[in-house]
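All residue numbers for the sequence shown refer to UniProt numbering, where the first residue is 1 and numbers rise by one.
In what follows, a single structure is set out as structure tokens and then discussed.
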Amino acid sequence: MDNRYNSVYDINMAVNKEVIFLDFRSGLNSDKPQIINLLVDSFKEYTTTKNMFQPQYRSSAKFDKLLRKYFELEVNVFMKKGLVYVGADGKGKPRAVALIEFSSGKQISNWDYLTLDGLKLIPEIIKSGFNGFNAFDIFKFEDLFDLVKGKKKCAVEYLAVDKKLRGQGIGSKMLNNHITPYVKKIGYRNIILETNTQKNVKFYKKNHFSVRSVKRVNLSHGDVKDWVLSRPI
Numbered sequence: 001m002d003n004r005y006n007s008v009y010d011i012n013m014a015v016n017k018e019v020i021f022l023d024f025r026s027g028l029n030s031d032k033p034q035i036i037n038l039l040v041d042s043f044k045e046y047t048t049t050k051n052m053f054q055p056q057y058r059s060s061a062k063f064d065k066l067l068r069k070y071f072e073l074e075v076n077v078f079m080k081k082g083l084v085y086v087g088a089d090g091k092g093k094p095r096a097v098a099l100i101e102f103s104s105g106k107q108i109s110n111w112d113y114l115t116l117d118g119l120k121l122i123p124e125i126i127k128s129g130f131n132g133f134n135a136f137d138i139f140k141f142e143d144l145f146d147l148v149k150g151k152k153k154c155a156v157e158y159l160a161v162d163k164k165l166r167g168q169g170i171g172s173k174m175l176n177n178h179i180t181p182y183v184k185k186i187g188y189r190n191i192i193l194e195t196n197t198q199k200n201v202k203f204y205k206k207n208h209f210s211v212r213s214v215k216r217v218n219l220s221h222g223d224v225k226d227w228v229l230s231r232p233i
């Protein structure tokens, strides 16, 4: 992302009696460890993650290690072909992150995952007892692009905010004040996303997204509902 589109936004909140300023910018290689931490912390207890793996495995150190490897792969792929967008505090530490894929230009494919060590994860996933391969239906973002008319669309695959800063509107500000103007500036006209909780559906509707489809996905340890939403910009 061109640094001209970076911006500093005063969140106007106090955490530990200090006002936090977030610099919204593209992620750097040096940001990777903290970005991975944010994603693991945000999605470790997510309903889809819970229903993919056995409870005993999820409470083990092996699960945490696998999740970190998975998100390291995702971050590497999105830094190569998509956009990793962060909100960093005054010390440069990412406190919010979004991973965004585009429907044109450098498109993410399965080959990108395989060439960035994705194959090495498969044996570990199998050993974990995971067998709900229907779950991969959730992550086929090329299918999401087909649900919305037009050629230039983007999909927010992951959006995470530091747990200590939640409830302050950071996710909304990131979507509305930073991600939306940037992707519109470079020619995209629709933002698409996917979620598996009613709480998130309510959040995205509040931010002007509309439900495009709803389906039920059968996972290893329970079903989840899968909502696809979009917003024209």
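Built from N, CA and C at the ideal position, the CB exists for glycine as well.
Local conformation of residue i per DSSP, three classes
i: LEU28; result: coil
i: THR197; result: coil
i: ILE233; result: coil
i: VAL148; result: coil
i: ILE191; result: strand
i: residue 234; result: The first residue shown for the chain is 1 and the last is 233, placing residue 234 beyond what the model contains.
i: ILE126; result: helix
i: GLN168; result: coil
i: LYS44; result: coil
i: ILE179; result: helix
i: ILE186; result: coil
Which residues DSSP lists as bridging residue i, in chain order
i: GLU101; result: ALA155
i: SER210; result: SER230
i: GLY222; result: LEU219
i: VAL161; result: ALA96
Outcome for residue i when other beta-carbon atoms lying within 10 angstroms are tallied against a minimum of 16
i: PRO55; result: exposed
i: ALA88; result: buried
i: GLY27; result: buried
i: LYS62; result: exposed
i: THR195; result: buried
i: LEU114; result: exposed
i: SER230; result: buried
i: SER210; result: exposed
i: ASP31; result: buried
i: LEU183; result: With the sequence shown as reference, residue 183 is identified as Val, and Leu is not the correct amino acid for it. Per the 10 Å Cβ criterion, buried.
i: ARG216; result: exposed
i: SER60; result: exposed
i: ASN76; result: buried
i: VAL214; result: exposed
i: LYS153; result: buried
i: LEU119; result: exposed
i: ARG25; result: buried
Any non-hydrogen atom of the ligand FMN within 7 Å of residue i CB
i: ASP117; result: For the ligand FMN, the structure offers nothing, since it holds no ligand at all.
#### Entry: Runs of alpha helix (DSSP H) lying entirely within the segment 47 to 117, each at least 4 residues, in chain order
DSSP runs (the alpha helix (DSSP H)) wholly in the segment 47 to 117: 47 to 52, 55 to 58, 61 to 81, 110 to 113.
At a cut of 8 Å, does the segment 162 to 177 reach the segment 93 to 104 through at least three beta carbon pairs? In short, these stretches touch, since the Cβ pair count reaches three.
| task | Determine, using beta-carbon pairs with one atom in the segment 26 to 44 and one in the segment 62 to 76, whether at least three such pairs fall under 8 Å. | result | Touching, per the Cβ criterion.
Between the segment 185 to 200 and the segment 141 to 160, are three or more C-beta pairs nearer than 8 Å? Yes, since at least three Cβ pairs between the segment 185 to 200 and the segment 141 to 160 fall closer than 8 Å, the two stretches touch.
message = Is it the case that the segment 105 to 122 contacts the segment 75 to 88, given that we only count it when at least three CB pairs across the two stretches are under 8 Å?
response = Output reads yes: the segment 105 to 122 touches the segment 75 to 88.
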